[in-house]
Structures are given as C-alpha cells and as structure tokens.
Amino acid sequence: MNDIARHLADPATASLAASARSACYIGLMSGTSLDGVDGVLVSAADGQVFADAYLPFPNDLRETLMVLQAPSDNELHREALAANALVRVYAECVAQLLATAGLPASAIAAIGAHGQTIRHRPGEFDGIGYTRQLNAPALLAELTNIDVVADIRSRDVAAGGQGAPLVPAYHQAMFSDAGETRVVCNLGGISNVTILPAAALGQPVSGFDCGPGNALLDGWAARHLGQSYDDGGAWGATGRVDPALLAALLGEPYFRQTPPKSTGRDLFHAAWLDARLTAFPKLSPVDVQATLVALTAQCVADDVLRFAPDCRGFYACGGGTRNHALMQAIADRLPGVSVATTDTLGVPPHQVEARAFAWLAERCVTRQPGNLSSVTGARGPRILGAIYPR
Ligand SMILES: Nc1ncnc2c1ncn2[C@@H]1O[C@H](COP(=O)(O)OP(=O)(O)O)[C@@H](O)[C@H]1O
Ligand SMILES: [Mg+2]
1 MNDIARHLAD
11 PATASLAASA
21 RSACYIGLMS
31 GTSLDGVDGV
41 LVSAADGQVF
51 ADAYLPFPND
61 LRETLMVLQA
71 PSDNELHREA
81 LAANALVRVY
91 AECVAQLLAT
101 AGLPASAIAA
111 IGAHGQTIRH
121 RPGEFDGIGY
131 TRQLNAPALL
141 AELTNIDVVA
151 DIRSRDVAAG
161 GQGAPLVPAY
171 HQAMFSDAGE
181 TRVVCNLGGI
191 SNVTILPAAA
201 LGQPVSGFDC
211 GPGNALLDGW
221 AARHLGQSYD
231 DGGAWGATGR
241 VDPALLAALL
251 GEPYFRQTPP
261 KSTGRDLFHA
271 AWLDARLTAF
281 PKLSPVDVQA
291 TLVALTAQCV
301 ADDVLRFAPD
311 CRGFYACGGG
321 TRNHALMQAI
331 ADRLPGVSVA
341 TTDTLGVPPH
351 QVEARAFAWL
361 AERCVTRQPG
371 NLSSVTGARG
381 PRILGAIYPR
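If you count by full-length UniProt numbering, then the sequence shown holds residues 1 to 390, one letter each, in order.
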C-alpha cells in the first residue's frame, strides 16, 4: 500500500471525501491504431504515476471500430453498441489501475476518457464540421462510480479549431526547456509533432498531425503477415524502399498544407494506399512495407526540418517507438538532432498520451483551458470536455 492509499484507508482521516477527490486522476487513451486502451493513474499534486495498464481490444471490437471509420448501414445503432463495448474495456482498465495502486474509486477526482475517434472532419461542410469520439461516458460513470470527463475535442472544434492535437499543452507543461528547441512526436496510428521552442525565444508552441504513423504499416502487416503489427519493424527492415512509390505517396496534398491541420483514418486508410499502389503492381509486399516506413519517417522529418529548423532534441512516444526500423529511419533523416524517446525525459513512451488525458481531465474539473489555440487554430483558450458525474 502506498502513502496515498494508507492516508485514504485511515478512518481517522478527516474529510476523507474532500481530500480524496483532489488526490488522483485517471487518463484513458485509445488512439487511431485501434489496438487497445492505455491507462494511467496519476497524482494530481505532482503528476506521479501510481499505476499504468494496457488492455488490448478483443478482435471483434477492433473489427467493429475499423468498420465504423467509414459510412455503413445503420451505423448509429452499431456505434452505440460499440461504445458500450469499448467502455466495458475502459472500466476493466480502471479496475486494474485501482487494484495496482491499492486505491478506492473515491480517491479519483475524474477519469479523462478520450473515446475512439471514428470521424474527424473539423472545419468542413458548414465551416465548423465535427469530430466524433465514440464513447459511452454515462455507462463508464455507472460502472466505475467515478466522474468521467469525455468529448474532450468538440469545444475546440466549436471555437473554430481542429480539436487536435490536444497533447501539446501537456507536452509544454512536461517537456519544454529553457535553452533547447524540442520536438515531441507521438507515433500512434497517425503521427503528430509538438514544437516546443526554447523558452528564451518567446515563441508560441505549435503542433499538428504530420500524416500516417502506424496506421498504414499495421494494415499492410495485417494483410501480408497476418499480424496486427510488424514486431520491432523487423519485416519492413528487410525490404527496399521504392523511390517512385515513396514519391507518389508523398504527393498527397495534406503533407503540403500549412498548420493548423489534423487528420485521421478518414484520409489515411487502406483504400488510400491501394489506389496509389495500382501503378506499382510488381512491388513485393516487403518493399511496400519498407516504403511505408520511409513515408512515415519522411513526413515527420520534413515537418521538423521545415517548422523547427533549430530543433536539437527529438523525443518520440507512442507504440511506434517500438518499431526500431521507423526510429532509425527518422534518425537518418535528422542529422545533428538527438533522436530519442520520452524515456530520456522521464516519461515512458506508452504513458504520454494517457497522462495527457488525465491532465486534460484535471484541467476540465478545475475549469482551466486545455487547448493551445496556437496549435489547434481555435479562436482562443477553451475549457475542454463534458463531465458525467459519478
Ligand atoms: N513491438 C512493436 N513493434 C512494432 N510496432 C509496435 C510494437 N508495439 C506496438 N507497436 C505499434 O504501436 C501501435 C500502438 O501504438 P499507440 O501509441 O497505442 O497508438 P494509438 O495512440 O494510435 O493507439 C500498434 O498498433 C503498433 O503499430
Ligand atoms: Mg493505442
């Protein structure tokens, strides 16, 4: 039992509820990789992590979530049921976190539950557009008896922003440095960067989605290896990059758009790749994989060179850090930059996003803005999320 647990378990502790409710937050993140949920339980006081957990999605849930990325028949009904199924996994993750930390539900001020992005179309159609994270926060509050902060992106979209990325505010709080311009890069299903100018420069933080992270790599590995990802990037590392295919993939207009910008599986999906591969019928699957690694690395590195030319420290997080071929390909394209993971800065790569959503939940509960309008393009700072009380 840790100190907080001992404190909370002590019947003599005065105003237990009040002190408990300010003690800890849980962050739950399930990203565009559709692999599962990463959770952390952190102290509000100092950000110390008392527990982390990862629960992979059952295959049927993963498949349902994948299908819901595109329009289909009676999707409203299937979305609602998939949200219930997702939240049962979330609730299991919460139970594991509490058990590991030795804490009761009453010790948690709130859960920041990202939900599962199924559509991301900010700024489109009527000028506002929408971003949709499938979620069932009322059910999560019911199952856990903890306040839930959900729908964390929509307010930024309503204020004219992209609703993404939201993690840069947390990156700024955790990772910025007085003397060094740093880039923090999340290699999830989609890759995104946060540019943290050296504090002395007085420039605003920027950040945006670069393009595909693991999404295309995973899809190709599933099709040709029958595995949900290319473990360590070992398979892709045995292939040869095809320069003509790489050039064709890099022709995607999204890569040339100036920030603020964000993207998702709405754009970078299997059909996007297949359409470009028709001109390359003779390429072997392994060479395509090698070229997809190069694509991910190239769009990240190009953005660093273009938007953070004085960057000296590049810190990656997310599951893509386990793809050694990808990390090497990024390092090869950033000479003079120290390329490492956020472990170097004291935060394990798999915890960064979940910790960011615990932090965003706290910002909501304490009525503080969670977005950086310099990143999302929103009209200003906004308090993000909706609270579903326990
Ligand atoms: N051992 C590994 N080797 C290669 N890639 C991995 C490995 N472990 C995880 N990954 C990649 O990381 C992804 C999950 O990363 P994650 O940070 O959870 O992304 P997201 O936020 O999009 O869910 C997996 O889908 C896979 O592509
Ligand atoms: Mg994930």
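Glycine included, every Cβ here is placed at the ideal spot set by N, Cα and C.
Closer than 6 Å: is that where the CB of S33 sits relative to any heavy atom of ligand 2? Under cutoff, so the answer is yes.
State the start and end residues of the unbroken beta strand (DSSP E) segment that holds Q133. Note, Q133: beta strand (DSSP E), G129 to L134.
Classification of L201 by the beta-carbon crowding that lies within 10 angstroms, buried from 16 upward: So L201 counts as exposed.
Can you check whether the CB of Y388 is closer than 7 Å to the CB of A138? Going by C-beta atoms, A138 is nearer than 7 Å to Y388.
Taking only three categories from DSSP, how would you classify D52? The three-state reading of DSSP puts D52 in strand, counting E and B together.
In the DSSP assignment, find the unbroken beta strand (DSSP E) run with R182 in it and report its ends. For R182, the uninterrupted beta strand (DSSP E) run begins and ends at R182 to L187, by DSSP.
From the DSSP output, read off the bridge partner residues of A70. In DSSP, A70 forms no bridge with anything.
Within the present structure, is the beta-carbon of R306 separated from the nearest heavy atom of ligand 1 by less than 6 Å? Not under cutoff, so the answer is no.
State yes or no: is the C-beta of A158 within less than 7 Å of the C-beta of A178? The answer is no: Cβ separation not under 7 Å.
Nearest candidate by alpha-carbon position, reference A95, set I108, N84 and A83: That would be I108, whose Cα lies nearest to the Cα of A95.
Nearest to D52 by alpha carbon, out of F255, Q227, A99 and A290? Residue A99 holds the alpha-carbon nearest to the alpha-carbon of D52 among F255, Q227, A99 and A290.
Measure from the alpha carbon of P285 to the alpha carbon of each residue in W220, L134 and R312, then state which is nearest. Per the Cα distances, W220.
For N323, verify whether its CB is less than 6 Å away from any heavy atom of ligand 1. Yes, the beta carbon of N323 sits closer than 6 Å to at least one heavy atom of ligand 1.
Quick check: does the Cβ of Y25 come within less than 6 Å of any heavy atom belonging to ligand 1? Flag unset: Cβ of Y25 not near ligand 1.
Integer-rounded CB distance, given that F208 should sit under 8 Å from P253: Cβ-Cβ separation between P253 and F208: approximately 15 Å, too far for a contact (criterion under 8 Å).
For the region 59 to 71 and the region 141 to 158, state whether three or more C-beta atom pairs, one from each stretch, are separated by less than 8 Å. Counting C-beta pairs closer than 8 Å gives fewer than three between the region 59 to 71 and the region 141 to 158, which falls short of the contact rule.
Nonlocal neighbours in the same chain, by C-beta distance under 6 Å from V49, ignoring five residues either side: Excluding positions up to five away in sequence, the list reads V40 and V42.
Between the alpha carbons of V352 and R367, how many angstroms are there, rounded? For V352 and R367, the gap between their C-alpha atoms comes out near 22 Å.
Check whether the region 229 to 246 touches the region 288 to 304, counting contact only when three or more Cβ pairs, one atom from each stretch, lie closer than 8 Å. Put simply, the region 229 to 246 touches the region 288 to 304. At least three CB pairs are less than 8 Å apart.
Using the rule of at least 16 other Cβ atoms within 10 Å of the residue's Cβ for burial, across every protein chain shown, is L81 buried or exposed? With fewer than 16 other Cβ atoms from the protein chains shown falling within 10 Å of its own Cβ, L81 counts as exposed.
Through-space distance from F268 to R21, alpha-carbon basis: Confidence at R21 is low in this model, with a pLDDT of 45, below 50, so the placement of that residue should be treated as unreliable; the coordinate-derived value is given next. Cα-Cα distance, rounded: 41 Å.
Take the Cβ of E124 as the centre, count every other Cβ of all protein chains shown within 10 Å, and call the residue buried at 16 or more, exposed below. Classification of E124: exposed, given that the 10 Å Cβ count is below 16.
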